[in-house]
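To convert, take the position in the sequence shown, counting from 1, and add 699; that gives the numbering used here.
Built from N, CA and C at the ideal position, the CB exists for glycine as well.
Note that the structure is predicted; figures quoted are calculated from it, not measured.
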Amino acid sequence: MSLVELGTVTVNGIILKVKGRIDKRAKSLKLRLDPTRSFIVITMNRQNLAPKAHVFLKQCQVWLENKVKPDAVSIIFEEGAIIPIFGKSYKIVHQLSSRSRVSLTEDEIVVSGAKETISDITKRWLHRHARAVLEEQSHICAAAIGATVNCTSVRDTKTRWGSCSPNGNLSYSWRLIFAPSSVSHYVCCHEVAHLLEMNHSPKFWKVVEGLCPDYKKQRQWLRANSSTLFRYG
Numbered sequence: 700m701s702l703v704e705l706g707t708v709t710v711n712g713i714i715l716k717v718k719g720r721i722d723k724r725a726k727s728l729k730l731r732l733d734p735t736r737s738f739i740v741i742t743m744n745r746q747n748l749a750p751k752a753h754v755f756l757k758q759c760q761v762w763l764e765n766k767v768k769p770d771a772v773s774i775i776f777e778e779g780a781i782i783p784i785f786g787k788s789y790k791i792v793h794q795l796s797s798r799s800r801v802s803l804t805e806d807e808i809v810v811s812g813a814k815e816t817i818s819d820i821t822k823r824w825l826h827r828h829a830r831a832v833l834e835e836q837s838h839i840c841a842a843a844i845g846a847t848v849n850c851t852s853v854r855d856t857k858t859r860w861g862s863c864s865p866n867g868n869l870s871y872s873w874r875l876i877f878a879p880s881s882v883s884h885y886v887c888c889h890e891v892a893h894l895l896e897m898n899h900s901p902k903f904w905k906v907v908e909g910l911c912p913d914y915k916k917q918r919q920w921l922r923a924n925s926s927t928l929f930r931y932g
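In structure tokens:
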């Protein structure tokens with residue numbers, strides 16, 4: 700469903716866009732903070748969104764203040780930015796060059812190219828690196844349970860961290876690269892387990908546990924910290 704622009708609201712000094720969503724089945728107003736922490740969505744079942752929406756926002760002010768923190772401000776891929784890659788922090792360092800490329804040192808992401816292209820070059824590299832790591836991990840997990848992965852891809856999804864199709868295609872959010880390696884490993888285990896069990900039955904979770912014994916801990920981390928993965932870029 701399309702979203703209607705309803706203005707902005709300031710929470711803890713951070714300006715957020717307010718968007719409205721009409722759902723005829725909605726019995727009451729519902730508030731949702733987008734994972735990117737850049738806008739709020741209010742769902743209601745009537746056309747006159749704006750007046751009621753802003754009254755509802757005031758009623759939810761405390762909830763918003765607890766959800767939107769100053770440290771949730773986006774971090775741009777630019778020189779000097781600190782970016783976590785599978786649990787280790789790296790500093791973006793720029794090198795002027797006619798050739799665009801990225802190299803990873805012990806503690807730096809060295810980006811070569813024109814300065815105005817740092818963000819795009821870095822993001823493309825992160826996509827590729829995330830896919831390579833998640834693909835390798837998926838094949839390792841699949842081999843452990845006698846399953847086969849058809850192909851692996853990464854996308855910029857907002858509502859799920861991974862998916863598995865009936866024909867063995869796995870897809871992941873590239874933003875898992877900003878999570879600890881133990882968390883991304885759990886997500887791989889979760890999706891690979893679907894190669895045997897296309898459900899969330901006790902049998903499925905038994906497969907997950909066999910691949911990732913502490914999956915409950917990693918799952919909890921993802922639930923508690925998922926919004927931080929949307930800060931980058």
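Asked                                                                                                                                                        : Found
For Arg793 and Lys814, I'd like the C-alpha separation in whole angstroms.                                                                                   : In the sequence on display, residue 793 carries His and not Arg. Each residue's alpha carbon lies about 7 Å from the other.
Let me know the secondary structure DSSP gives Ile775 once reduced to three states.                                                                          : coil
May I have a chain-ordered list of the beta strand (DSSP E) segments no shorter than 3 residues that lie completely inside the region 848-886?               : 850-854, 861-863 and 868-872
Ala846 and Leu894 look like a contact to me (Cβ under 8 Å); what is the Cβ gap, rounded to whole Å?                                                          : 4 Å
For a test of the three-state rule: what should DSSP assign to Val810, helix, strand or coil?                                                                : strand
On the CB-based measure, 16 or more other CB atoms within 10 Å of its CB, does Gly812 come out buried or exposed?                                            : buried
Could you give the distance in angstroms between the alpha-carbon of Ile782 and the alpha-carbon of Glu908?                                                  : 30 Å
Do you know offhand how far Lys726's Cα is from Leu763's?                                                                                                    : 22 Å
Given a threshold of 16 other Cβ atoms within 10 Å of its Cβ, counted over all protein chains shown, does Ile714 qualify as buried or as exposed?            : exposed
How do the region 899-908 and the region 848-859 stand: do at least 3 beta-carbon pairs fall below 8 Å, yes or no?                                           : no
Helix or strand or just coil, what does DSSP make of Val906?                                                                                                 : helix
If we count Cβ pairs, one from each stretch, closer than 8 Å, do we get three or more for the region 873-890 versus the region 855-863?                      : yes
Kindly indicate which three-state DSSP category Leu795 falls into: helix, strand or coil?                                                                    : coil
Taking 9 Å as the cut-off, decide whether the C-beta atoms of Ala829 and Tyr871 are in contact.                                                              : yes
Work out the CA separation of Val809 and Leu803 for me, nearest whole Å.                                                                                     : 6 Å
Taking Cβ to Cβ, would you say Ile721 is nearer than 9 Å to Glu777?                                                                                          : no
Arg676 lies in the alpha helix (DSSP H); which residues open and close that run?                                                                             : Because the chain in this structure spans residues 700 to 932, residue 676 falls outside the shown range and cannot be described.
To the nearest angstrom, report how far apart Gln758 and Gln919 are at their CA atoms.                                                                       : 29 Å
What residue from Glu807, Lys915 and Ala878 has the CA that sits closest to Thr821's CA?                                                                     : Glu807
Using beta-carbon positions only, say whether Leu825 and Trp873 come within less than 9 Å of one another.                                                    : yes
Quick one: residues in its chain with C-beta nearer than 7 Å to the C-beta of Ser935, no 5 flanking neighbours on either side, listed in chain order?        : Nothing about residue 935 can be reported from this structure: the residues present for the chain run from 700 to 932 only.
Can you tell me the Cα-Cα spacing of Lys857 and Ser797, whole angstroms?                                                                                     : 35 Å
State the CB to CB distance for the pair Ile964 and Arg930, rounded to an integer number of angstroms; the pair is presumed to be in contact (CB under 8 Å). : Residue 964 lies beyond the stretch modelled for the chain, which goes from 700 to 932, so this question has no answer here.
In terms of alpha-carbon separation, which member of Gly719, Asn924 and Pro879 lies closest to Phe755?                                                       : Gly719
I need the DSSP call for Val891, collapsed to helix, strand or coil.                                                                                         : helix
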